[in-house]
Amino acid sequence: MHKVNLGKTGITVPKNGFGALPIQRVGMDGALALLLRAYDGGFRYFDTARAYSDSEEKLGNAFEGKRDQVVIATKTQAESKDRFWRDIETSLSYLKSSYVDIYQFHNISFMPKPEDGSGLYEAMLDAKAQGMIKHIGITSHSIDMGMQIAESGLYESLQFPFSYLSGDREIELVNKCKENGVAFIAMKSLSGGLITNAAAAYAWASRFENVLPIWGVQRESELDEFLSFMDAPPEYNEESQALIDKDRAELSGNFCRACGYCMPCPQGIIINECARYSQMVRRMPPARFFEEEFAQMMKDVESCAECGQCIEACPYGINTPELLKLNLKDYKEIMAGKPI
Numbered sequence: 002m003h004k005v006n007l008g009k010t011g012i013t014v015p016k017n018g019f020g021a022l023p024i025q026r027v028g029m030d031g032a033l034a035l036l037l038r039a040y041d042g043g044f045r046y047f048d049t050a051r052a053y054s055d056s057e058e059k060l061g062n063a064f065e066g067k068r069d070q071v072v073i074a075t076k077t078q079a080e081s082k083d084r085f086w087r088d089i090e091t092s093l094s095y096l097k098s099s100y101v102d103i104y105q106f107h108n109i110s111f112m113p114k115p116e117d118g119s120g121l122y123e124a125m126l127d128a129k130a131q132g133m134i135k136h137i138g139i140t141s142h143s144i145d146m147g148m149q150i151a152e153s154g155l156y157e158s159l160q161f162p163f164s165y166l167s168g169d170r171e172i173e174l175v176n177k178c179k180e181n182g183v184a185f186i187a188m189k190s191l192s193g194g195l196i197t198n199a200a201a202a203y204a205w206a207s208r209f210e211n212v213l214p215i216w217g218v219q220r221e222s223e224l225d226e227f228l229s230f231m232d233a234p235p236e237y238n239e240e241s242q243a244l245i246d247k248d249r250a251e252l253s254g255n256f257c258r259a260c261g262y263c264m265p266c267p268q269g270i271i272i273n274e275c276a277r278y279s280q281m282v283r284r285m286p287p288a289r290f291f292e293e294e295f296a297q298m299m300k301d302v303e304s305c306a307e308c309g310q311c312i313e314a315c316p317y318g319i320n321t322p323e324l325l326k327l328n329l330k331d332y333k334e335i336m337a338g339k340p341i
């Protein structure tokens, strides 16, 4: 199994991270079975967050008695000191642990730093001094903020979207983190479901020795595939490159990464579903896209007031109203019988 060193943290784990967001949609018994099976198969890095409903509780139940055998990263969306301390105490309680290996600011709107007036970075340092956290991390979807983080000297890890659909600036960010000893944890390694070949995604990520991809796992079939990478890591070769080139050609340019920064929409549009319709209906089992619930979701796109709020919030510079219109047009044509 490939291994990855997480920057200057001193942590080394298999190059296969378990993303525990999806297990909030699984019952407790099913989630525990997935987590323990992942552990038995070699997973050691587990990613969760205070915002992932009962995900932390499920990790705590699964790893009670073997806490020192796993690396657990969790996150806080706190933008105040009081919320920070409430979140860390709650996380530790649910995780049944006295510490978090990597504690991350979770996609907040700015990069906390000393003496910025928020007190958040000072709270991180205090929590670390008390032994409540071992390493200070942060997550972001903004490439500009990511560069600031990598160069700041303040953070030991950066969690950022990274897949074979990423561009030159994202690769530059990976290299910048490597230069500065910042662990690079790759979220959305399957680009929110747009990438359907996990083996090719792994093979591409394996080219970057400092990148730890984390995979969202909800089903045993998903876990089976990721477990197979432990003993037989997919190789980056001409075949995988051909598949990647094909996907890049189909998905290049103006596509939604489903980061959710544009939400909530004032008109109630579920942007991160509707703006991805055209790609998803062609790349996933299409049944759900023909259900009444999805029909109503797409109908809501017609209420777009083009207020510009989503454009301003998008870290990728997408003209979201225009993208919504294109997806609605595609939806109507497919529902009228146009072949997929």
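Quick note, in my numbering, the sequence shown goes up one by one and the last residue is 341. All C-beta atoms, glycine included, are put in the ideal place defined by N, C-alpha and C.
Between the region 118-127 and the region 159-178 there are fewer than three C-beta pairs closer than 8 angstroms, too few to call the two in contact.
By a beta-carbon distance limit of 8 angstroms, glycine 18 does not contact isoleucine 150. Their separation comes to about 19 angstroms. Taking C-alpha positions only, proline 115 is separated from valine 212 by approximately 27 angstroms. The Cβ atoms of tyrosine 203 and proline 235 lie closer than 8 angstroms to each other. In the displayed model, threonine 49 falls within coil according to three-state DSSP, outside both helix and strand. Histidine 107 and leucine 244 have their C-alpha atoms roughly 33 angstroms apart. Under DSSP, the beta-bridge partners assigned to glycine 18 are Tyr46, Ile215. In the DSSP assignment, the residues bridged to asparagine 6 are Thr13. One thing to note: methionine 148 has its Cβ no nearer than 8 angstroms to the Cβ of leucine 126. Taking the C-beta atoms as reference points, isoleucine 103 is found nearer than 8 angstroms to histidine 136. The distance from the Cβ of glutamate 152 to that of lysine 9 is about 14 angstroms, inconsistent with a contact at the 8 angstroms cut-off.
If the five residues before and after serine 304 are omitted, its C-beta is found closer than 8 angstroms to the C-beta atoms of Gln268, Gly269, Ile270, all from its own chain and listed in chain order. Note that the C-beta distance between lysine 59 and alanine 39 is not below 8 angstroms. Rounded to whole angstroms, tyrosine 317 and phenylalanine 256 show a C-alpha spacing of 9 angstroms.
Only residues of its own chain outside the window of five on either side were considered, and among them none has a CB closer than 6 angstroms to the CB of tryptophan 86.
Rounded to whole angstroms, the separation of the alpha carbons of isoleucine 196 and aspartate 246 is 12 angstroms.
Closest by C-alpha distance to leucine 191, out of Phe185, His3, Ala259, Lys179, is Ala259.
For the pair glycine 217 and leucine 22, the CB atoms are nearer than the 8 angstroms cut-off. Under the DSSP definition of a beta bridge, valine 101 partners with Ile134.
Pairing lysine 67 with threonine 140 gives a Cβ-Cβ distance that is not under 8 angstroms.
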